Amino acid sequence: MTIVYDAREQDGAAKRVKPVKAKKPTVKTPDFEVPEYTPGLAKEMAPLYARVSKVIPSVEWPFFAPYIYEINRLKKQKNAVILAHNYMTPEIFHGVADIAGDSLQLAIEATKVEEQVIVQCGVHFMAETSKLLNPGKTVIIPDEMAGCSLASSITGADVRAMREAYPGVPVVTYVNTSAEVKAETDICCTSSNALKVVESMNAPRVMCIPDEYLARNIQKQTDVEIITYKGSCEVHERFTPEELREYRENDPGIKIIAHPECPPDVLDEADFSGSTSAMINWVKDNQPSKVMMVTECSMSDNVAVENPNVDFIRPCNLCPHMKRITLPKILASLHTMQDEVTIDPAIAERARLPIERMIALNN
Ligand code: 13P
Ligand code: SF4
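Counting from 7, one number per residue, gives the positions in the sequence shown under my numbering.
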């Protein structure tokens with residue numbers, strides 16, 4: 007039985023302050039010059055367009071191509087590397103990313119980069135992870151307001167309160183959390199290694215926070231008693247088992263693969279569940295004639311490029327935070343080196359350890 011800790015039900019909960027970032031005044035991203043979409047540029051970019059033409063309409067390409075060209079030129083000049091999450095839109099994922107992957111892969115790759123500047127195309131906790139692992143480098147995120155409903159659901163004080171409520175129980179924290187929360191944690195996990203990390207604690211009870219659904223999905227695979235927290239992903243919690251059943255009834259041959267941030271009854275309807283990269287690999291390896299990826303919308307577009315024989319059925323939900331990252335903002339961030347990610351050194355020192363422990367476990 008999974009225990010769910012609901013911070014809103016605790017004493018003084020009404021007075022608690024959530025780590026909602028102060029709203030930046032809305033400033034229009036300055037427009038930096040991009041080359042004209044001339045026949046010469048079109049010719050140079052034609053091989054890339056041939057790859058992505060299935061998912062980027064031809065009317066949009068003359069807008070994207072000059073940005074892609076300019077970003078790729080500028081990142082070399084600035085000694086920058088672009089790390090992109092699998093949820094980035096195809097023009098970012100296929101056009102400018104040097105390394106793309108799930109949260110675990112991006113964290114591991116962040117330890118290996120040689121460039122002085124890391125441009126994190128993803129959400130804020132991912133950029134914080136890169137900064138924690140590269141304190142001497144400049145880490146920028148093209149829009150620091152790119153948050154995450156899981157990361158904003160929990161504070162360091164919540165973790166301390168849980169430790170008091172469950173003394174001696176190890177704390178496994180999902181990487182989708184702030185550095186302040188990681189600083190209170192024993193070890194981190196991602197969706198691709200959560201079961202392994204929980205079991206590595208060698209304890210009868212483990213806290214696995216803050217995603218209630220990820221924790222419940224792990225609980226089904228282990229005898230360790232899991233205590234979790236009432237947090238959820240606003241994108242994955244919206245899928246329902248009914249809609250998946252309806253798709254299967256209408257199309258019995260369809261394969262359904264889902265992310266473990268979905269509720270357990272949604273995963274019960276799926277043929278496979280795994281991290282974003284595990285889902286991508288499943289499609290590559292299995293080449294189903296028709297597949298539905300129960301996750302964020304851009305995944306199907308990105309995977310479709312490399313799997314021309316697979317038909318993607320696309321009921322998906324958009325992550326509004328991931329979608330804050332756009333080509334014009336990436337270009338602006340390379341010019342201005344903004345928004346730079348900084349972390350209080352005292353917090354960083356403590357927050358780095360649980361990530362390093364997780365990475366060590368995966369080696
Ligand atoms: P992955 O680690 O599977 O890429 O998940 C990160 C995420 O934010 C999914 O919503
Ligand atoms: Fe956070 Fe969900 Fe968006 Fe992933 S998809 S970044 S978990 S809100």
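C-beta atoms are modelled at their ideal positions from N, C-alpha and C, and glycine is treated no differently. In this text the structure is predicted, and so the values were computed from the model without any measurement.
- Relative to the ligand 13P, S198 has its C-beta within less than 7 Å of a heavy atom.
- Secondary structure at V187: helix, using DSSP grouped into helix, strand and coil.
- Taking P314 as the centre and dropping the five residues before and after it, the same chain places the C-beta of K60 closer than 8 Å to its C-beta, in chain order.
- If you draw a 10 Å sphere on the C-beta of E50, you find fewer than 16 other C-beta atoms in it, and that means exposed.
- One thing to note: A189 has its Cβ no nearer than 8 Å to the Cβ of L220.
- As DSSP reads the structure, Y180 sits in a beta bridge with C195.
- Counting of Cβ neighbours within 10 angstroms places A171 among the exposed residues, the total staying below 16.
- I233 is a Cβ neighbour of V175, given a cutoff of 8 Å.
- Between T196 and D271, the gap from beta carbon to beta carbon reaches 8 Å or more.
- For D317, the uninterrupted beta strand (DSSP E) run begins and ends at 317-319, by DSSP.
- DSSP places Q83 in the helix class (H, G or I) of the three-state scheme.
- Taking the C-beta atoms as reference points, I88 is found no nearer than 8 Å to K82.
- For the pair V297 and E255, the Cα-to-Cα distance works out to about 14 Å.
- A residue is called buried when at least 16 other Cβ atoms come within 10 angstroms of its Cβ; L324 does not meet this threshold and is exposed.
- K335: member of the alpha helix (DSSP H) spanning 333-342, first to last residue.
- Under the Cβ criterion (8 Å, minimum of three pairs), the region 100-116 counts as touching the region 282-291.
- Per the coordinates, the alpha-carbon of L156 lies some 44 Å from the alpha-carbon of T44.
- Comparing C-alpha distances from E115 to each of R14, T135, V129, L359 shows the shortest one belongs to T135.
- Excluding its 5 nearest sequence neighbours in each direction, T117 has C-beta neighbours in its own chain below 8 Å: L139, N140, I365, listed in chain order.
- Measuring C-alpha to C-alpha distances from E267 to each of P351, N182, N208, D291 identifies N182 as the nearest.
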